[in-house]
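Here is the structure we will look at, set down as structure tokens.
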Amino acid sequence: MIIYTLIGITLLLAGFSLHLVWKAGNRPLKYTYPYLFLGLTLCVFLYLFGVWVYISIYTKYLFGALILIFCISYLARKHDHSARPLSRWKKVTNLLISGVLLVLIVLYFTGTTGKPKTVELAFPFKPGRYFVLQGGKGLPTNLFHFSLRGAVYAMDIVKLNKFGGRADKIFSKNLADYEIYNDTIYAPCDGLVARAVSSNPDNIPPNMNRGPKNTNQIVLETPTFNVFMAHLKMNSIVVREGDYVTKGQPLGCVGNSGFSTEPHLHIQVHEKTPGVAWYFGKPLYIHFNGRGYLLNEVITIK
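Residue numbers for the sequence shown follow my numbering, beginning at 3 and rising by one.
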């Protein structure tokens with residue numbers, strides 16, 4: 003399965019990046035700065051983009067601590083001034099790769115869509131620790147959603163357990179093993195229920211049936227924007243089309259219907275345009291309780 007492959011790649015590259023930083027410490031900076039620069043940029047890239055949550059977010063924090071320890075060790079170590087400098091092709095190759103990683107690190111925070119127009123929402127769950135499984139300001143952080151119709155700022159949200167993972171196993175076939183499964187979703191704003199579908203069965207991971215026609219969903223319509231929430235649990239929606247709901251009102255529960263490999267809440271927002279279907283409206287970047295969140299960030303609600 004692709005998840006196990008991504009976990010393996012993350013761990014192997016993490017070990018390699020730490021090796022580069024350690025190796026650079028054997029010789030003076032003027033000889034090994036390409037190794038050091040590559041090691042540090044790879045470390046930061048993996049810290050931001052790595053699939054740590056499939057093991058535990060605490061492995062990410064451990065990796066971050068190791069980065070700091072290795073950097074301190076580099077400064078404290080004695081260097082071998084008799085060592086030979088790197089060859090020209092190694093310098094060029096390392097610096098080119100470092101440059102690409104540095105661009106991706108910058109784009110993690112800025113995205114590729116310019117300065118997005120935002121929308122202010124309340125977080126749709128009660129107190130707990132949640133995690134942005136997919137999200138961000140376009141490429142490269144929101145790669146999957148970027149390919150979908152108008153979903154460049156969409157977010158996939160899961161919940162963390164006490165061990166820092168989103169499920170009891172790396173990939174379980176039991177829906178109840180996922181921390182967010184069956185959690186109640188609350189209206190993130192006041193609005194009219196323009197669409198409410200709850201009759202589709204939940205997928206058993208990792209199987210999925212492509213939506214949106216078989217995705218349990220709610221669309222909330224406001225005077226200026228529309229909120230789309232998907233992958234709800236079968237028969238869990240407690241509102242009907244035409245109802246007017248207020249912020250904080252229960253809507254339904256998290257499930258795994260439609261184009262979904264595991265339980266999560268998919269949410270995206272579009273500017274309301276008269277005479278145009280909601281999904282053709284300008285996509286809006288979501289702020290929850292006054293703050294925007296990026297890929298792999300933890301959302302703590304107290």
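Ideal Cβ placement from N, Cα and C applies to all residues, glycine included.
- For the pair Trp24 and Phe65, the CB atoms are not nearer than the 8 Å cut-off.
- DSSP places Val105 within a helical segment (H, G or I) once states are collapsed to three.
- Unbroken beta strand (DSSP E) runs of no fewer than 3 residues, entirely contained in the stretch 190–254, are found at 193–199, 219–223, 227–232, following chain order.
- By the Cβ test, the stretch 171–179 is not in contact with the stretch 214–232, since fewer than three Cβ pairs between them sit closer than 8 Å.
- Counted as a single uninterrupted DSSP element, the beta strand (DSSP E) harbouring His268 occupies residues 267–273.
- With respect to Ile182, Val256 sits close: the two C-beta atoms are nearer than 8 Å.
- In this structure, the alpha-carbon of Gly113 lies about 16 Å from that of His289.
- The beta carbon of Val160 is closer than 6 Å to those of Phe133, Leu135, Arg168, Ile182, His266 in its chain, skipping five residues each way along the sequence.
- Restricting attention to Ile9, Gln270, Leu145, Ile187, the CA atom closest to the CA of Trp54 is found in Ile9.
- One alpha carbon belongs to Leu44, the other to Ile11, and they sit about 12 Å apart.
- Cα atoms of Tyr287 and Ile107: separation of roughly 20 Å, rounded to the nearest angstrom.
- Here Val195 is not near Gly116, since their CB atoms are 8 Å or more apart.
- Around the beta carbon of Asn96, 16 or more other beta carbons lie within 10 angstroms, which makes this residue buried.
- The shortest C-alpha to C-alpha distance from Asn205 to any of Phe127, Thr224, Met236 is the one to Met236.
- DSSP lists Tyr180 as the bridge partner or partners of Ala169.
- Contact between Asp192 and Thr120 does not hold, since their C-beta atoms are separated by about 18 Å, which reaches or exceeds 8 Å.
- Ranked by how close their Cα comes to the Cα of Ser200, the residues Ser58, Ile239, Asn28, Thr226 have Ile239 in first place.
- Per DSSP, the continuous alpha helix (DSSP H) segment holding Thr43 begins and ends at 31–51.
- Following the DSSP letters along the chain, one finds Gly130 in no alpha helix (DSSP H) but inside the beta strand (DSSP E) bounded by residues 130–136.
- A distance of 8 Å or more separates the beta carbons of Gly140 and Phe127.
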